[in-house]
Amino acid sequence: MIFVEYKKCPVCVDSEVHLNTWDLMECPQCNLMLSMAVPATATVLKERGKGEFRFEDVTFNSRCSDLVIAPSSEHNPVLPDDKHWFSSICGIEEYLEPKGNTEKDKNYTLWSSFKDELVNKLSTFSCDELSDAWSSKGNRTSFYKESLLPLVSKELGLFQGNEEFTVDYVMSKSFYGDVYVPQIQIESENDIRTANQEMNKLCRLNSPLRVLVTVFDGWDGSKNQKIYDYLRKWQKTIEAHGSMNMGEFSGVIGILIGSYHNKELTYYSAAFWSNGTLRQPLKVLQSFCLERN
């Protein structure tokens, strides 16, 4: 018998589970779904989730720091099989249906790879370099376009590009040697209050991944109404474009939010499917202790 740590995915140990649109807890990383219908027990559903989450997250109603893990009952998938318990992570992985490899899954994998490389490359800059980058709006934009994003693009095996069609930065893949097709399109806006204009630009284009990079200076990371107002506004923009371009509008739209608060620079991330459904709930991506110039 094995146990899962409070609100953690039993397979992806470093990932938390969140409330999905089926009112089950789901891991954004591996799409494992858990039901908490029985106290102190986490029921693993055989079916994987679709990566569609709610903004209104919940915490478990349990006094236990650890939850025992059980497979679903044959009669009701949200209830545990009270005669069987998982004894290993391998047993859970074998029990789950195979993870999907659709075009949507590939697009989300590109977003995950982009975030990983962004964190890796941010960590190579000194505190002085980051402090200088965040000393003004112009410096921050130049830092992204001239220093950070070219390194990310290279690690992803894509060709870096400058502003195209009013998009700040483009990462492309080479086809037939001399044809470059955008894979990641990035728009940067230094003020979150006006970032919906950049979101509109990204929604008028099509590529596997589009990323909005913006700033919410002074935000302490608390999930308050203001941050959700911005996320919902962008969600409505994506929904509108998706509904008007059925079958023509695809990919993942990623969000990166930088904030400097109490001598700490923090980047947060979230992501949407092209129909506006929340794919990745808001989470901390990386933090740096920083004296701002």
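Each residue of the sequence shown is one higher than the one before, starting from 1 at the first, in this note's numbering. Quick reminder that beta carbons are idealized off the backbone N, C-alpha and C, glycines included.
Keeping to the same chain, check which residues put their C-beta closer than 6 Å to that of residue i; ignore five residues upstream and five downstream.
{"i": "A133", "result": "N139, R140 and F143"}
{"i": "R63", "result": "Unreliable positioning characterises R63 in this predicted model, as indicated by a pLDDT of 44, which lies under 50. The coordinate reading is nonetheless provided below. Nothing meets the Cβ criterion."}
{"i": "G254", "result": "W111, V211 and A271"}
{"i": "C27", "result": "C9, C12, S15 and V17"}
{"i": "W273", "result": "R279"}
{"i": "K226", "result": "none"}
To the nearest angstrom, how far is it from the Cα of residue i to the Cα of residue j?
{"i": "N294", "j": "S135", "result": "Since the first and last residues shown for the chain are 1 and 293, residue 294 lies out of range."}
{"i": "E16", "j": "D178", "result": "43 Å"}
{"i": "S318", "j": "A195", "result": "The first residue shown for the chain is 1 and the last is 293, placing residue 318 beyond what the model contains."}
{"i": "E47", "j": "Y95", "result": "9 Å"}
{"i": "F114", "j": "D14", "result": "18 Å"}
{"i": "R232", "j": "K83", "result": "43 Å"}
{"i": "N61", "j": "F53", "result": "Because the pLDDT of N61 is 49, which lies under 50, any placement of that residue in the model is unreliable, and the question is left without a value."}
{"i": "V119", "j": "S243", "result": "33 Å"}
{"i": "N20", "j": "G51", "result": "7 Å"}
{"i": "K106", "j": "Y228", "result": "27 Å"}
{"i": "M33", "j": "V252", "result": "21 Å"}
{"i": "V152", "j": "K145", "result": "11 Å"}
{"i": "V38", "j": "I69", "result": "11 Å"}
{"i": "P98", "j": "I92", "result": "12 Å"}
{"i": "F55", "j": "L158", "result": "33 Å"}
{"i": "L205", "j": "T277", "result": "18 Å"}
Do residue j and residue i have their beta-carbon atoms positioned less than 7 Å apart in this structure?
{"i": "A271", "j": "L282", "result": "no"}
{"i": "N76", "j": "G49", "result": "no"}
{"i": "S72", "j": "L45", "result": "yes"}
{"i": "L67", "j": "A42", "result": "yes"}
{"i": "F249", "j": "H241", "result": "yes"}
{"i": "L209", "j": "I184", "result": "yes"}
{"i": "S35", "j": "V78", "result": "yes"}
So, helix, strand or coil for residue i, using DSSP?
{"i": "T124", "result": "coil"}
{"i": "K283", "result": "strand"}
{"i": "A37", "result": "coil"}
{"i": "D66", "result": "strand"}
{"i": "W234", "result": "helix"}
{"i": "K223", "result": "coil"}
{"i": "V78", "result": "coil"}
{"i": "H84", "result": "coil"}
{"i": "V213", "result": "strand"}
{"i": "V13", "result": "coil"}
{"i": "W273", "result": "strand"}
{"i": "F143", "result": "helix"}
{"i": "S243", "result": "helix"}
{"i": "Y108", "result": "helix"}
{"i": "T21", "result": "coil"}
{"i": "T266", "result": "strand"}
{"i": "T319", "result": "Missing from the structure shown is residue 319; the chain here goes from 1 to 293 and no further."}
{"i": "Q185", "result": "strand"}
Can you find the residues in the same chain that come closer than 8 Å, C-beta to C-beta, to residue i, ignoring five residues on each side of it along the sequence?
{"i": "I192", "result": "T214, V215, F216, Y230 and I257"}
{"i": "E291", "result": "C127, S131 and K263"}
{"i": "L154", "result": "Per the sequence shown, the amino acid found at residue 154 is Lys instead of Leu. Same-chain partners within the cutoff: Q160."}
{"i": "G221", "result": "S259, H261, T266, Y268 and V284"}
{"i": "F86", "result": "M1, I2, P10, V44, I69, A70, P71, I92 and Y95"}
Identify, in the order they occur along the chain, each residue of the same chain with its Cβ nearer than 7 Å to the Cβ of residue i, setting aside the five sequence neighbours on each side.
{"i": "C289", "result": "K263 and E264"}
{"i": "E198", "result": "E187, E189 and L212"}
{"i": "V181", "result": "S172, K173 and F175"}
Measuring only from the beta carbon, is residue i closer than 6 Å to any heavy atom that is part of the ligand MG?
{"i": "R140", "result": "The ligand MG is not among the ligands present in this structure, which contains no ligands whatsoever."}
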